[in-house]
Amino acid sequence: KNQVEQSPQSLIILEGKNCTLQCNYTVSPFSNLRWYKQDTGRGPVSLTIMTFSENTKSNGRYTATLDADTKQSSLHITASQLSDSASYICVVSDRGSTLGRLYFGRGTQLTVWP
Amino acid sequence: EADICQTPRYLVIGTGKKITLECSQTMGHDKMYWYQQDPGMELHLIHYSYGVNSTEKGDLSSESTVSRIRTEHFPLTLESARPSHTSQYLCASSERLAGSPGEQYFGPGTRLTVT
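These protein sequence lines are chains Z and H, in that order. The first sequence runs contiguously to residue 114 in my numbering. The second sequence runs contiguously to residue 1115 in my numbering.
Written out as structure tokens, the structure is:
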């Protein structure tokens, strides 16, 4: 069964600190992996996208890594800001359908305190 | 920046009422999607469309229906709302890309509460 598991479920950090969020998946055949940021009451917004051959991708203070062999990904946030408080969702796409089916994790709820 | 709109943003309605959630995109995307999301849970696909006059049911069974008469418009309708329909509904769209699933752009969502 295609699944995406994220950890931790929630995380509280102080402003300025770094943090790392984890994502494990069993989706096959793998097409790509995205990290989305979802603010409360809003739709998800894409942060990074990685294909099978990419190991790391950065977007400002966000750096995502992918290990396609172990089917693990991480999202590292550097020098956190209050505006980083949101849910971070790992989304994996398969190659097996023209629809490009997406498999969503439940997200990690990040809270940044001043 | 993608432009996909959903209205209303918030809706509180009584049991048995008929409701339509609107979704519009101005990017000319062929594919459109409706997801349902409960607090702390993952998004579940309830409907999708490959283009005009194409609609399909998603992974999660839903009593709602959709239509796709125009490329830019993908409304979702509940004929008789029930408290179990209380949830957040997210609309998304993507380009049709050969050999690769295009990125999905999400609207801001509609928070539906049925009393």
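C-beta atoms are modelled at their ideal positions from N, C-alpha and C, and glycine is treated no differently. Treat the numbers as computed from the prediction; the structure is a model and nothing was measured.
If the five residues before and after residue 1020 of chain H are omitted, its C-beta is found closer than 6 Å to the C-beta atoms of 1075 and 1077, all from its own chain and listed in chain order.
Under DSSP, the beta-bridge partners assigned to residue 36 of chain Z are Z:46 and Z:89.
The beta-carbon of residue 46 of chain Z is placed less than 8 Å from the nearest beta-carbon of chain H. For residue 83 of chain Z, the three-state secondary structure derived from DSSP is helix.
Between the stretch 15-34 of chain Z and the stretch 78-86 of chain Z there are three or more C-beta pairs closer than 8 Å, enough to call the two in contact. Nearest CB-CB separation between residue 1011 of chain H and chain Z: not below the 8 Å threshold.
Residues of chain H whose Cβ lies closer than 9 Å to the Cβ of residue 60 of chain Z do not exist; the shortest such Cβ separation is about 16 Å. Residues of the same chain with a CB within less than 6 Å of the CB of residue 103 of chain Z, apart from the 5 flanking positions on each side, are 2, 4, 27 and 92 in chain order. Within chain Z, not a single residue places a beta-carbon under 8 Å from that of residue 1032 of chain H; the smallest gap is close to 12 Å. Under the Cβ criterion of 8 Å, residue 1074 of chain H is not counted among the residues facing chain Z. For residue 1042 of chain H, the nearest beta carbon of chain Z is closer than 8 Å to its own beta carbon.
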